[in-house]
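Below is one structure; the comments refer to it alone.
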Amino acid sequence: LASSKRMAPLVVPFLLDSSKDVTVGDNEQVIKDALECLGECFEAYGPEVAQKYLVEVLKACRDQVCRTTTPCPDDFAKFLERTLRVALTDMPSVAIEPAWFPKSV
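Yeah, the sequence shown ends on 240 if you go by my numbering, and it's all consecutive.
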C-alpha cells in the first residue's frame, strides 16, 4: 500500500473510510489497524502527500472523536499527531502559516 505515492489517491480515502465505517461497530481492532496502516503510508509517502490530505484527516479525526462514540479516541489522536509530524517535516521553523494549508480550517 505504501510502495508508491501513486497509490495514495486510492489508499488514503479507503483507509480513512475504514477507520470511520459504522458497519464495524465497536470492533476496535479494525479501526486501529486502519489508522496504523494509514500512518505508516503517510510516513512512506512523505510530507507532500500528507499535506494534500491533511484537511480530510483533520475532519475525520474531529468527527470521530467529537461527534461520535468511537471506541478508540486515543488512536485517532496518535494518528493525527503522526500525520501532522509527517506533514510538517519540510516546514522551516519560522513559518507561521504554510502556503499549502487551506484558510478554511
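Where is the CB? At the ideal position from N, CA and C, for every residue including glycine.
When DSSP states are grouped into helix, strand and coil, Y180 belongs to the helix group. Residue range P208 to A222 is occupied by the alpha helix (DSSP H) that includes T218. Between V192 and L215 a beta carbon distance of about 7 Å is seen, short of the 8 Å cut, so the two are scored as contacting. Counted as a single uninterrupted DSSP element, the alpha helix (DSSP H) harbouring K194 occupies residues L189 to C201. Annotation for A143: the continuous alpha helix (DSSP H) segment containing it runs A143 to S154. At a Cβ-Cβ threshold of 8 Å, K155 and D210 do not count as neighbours. Distance from the CA of M142 to the CA of P206, rounded to the nearest whole angstrom, comes to 29 Å. The beta carbon of L136 sits closer than 7 Å to those of M142, V146, C172 and C176, all from its chain and outside the five residues before and after it, given in chain order. Beta-carbon to beta-carbon, G174 and T218 are separated by about 7 Å, close enough to satisfy the 8 Å threshold. A195 counts as buried, since at least 16 other C-beta atoms from the protein chains shown sit within 10 angstroms of its C-beta.
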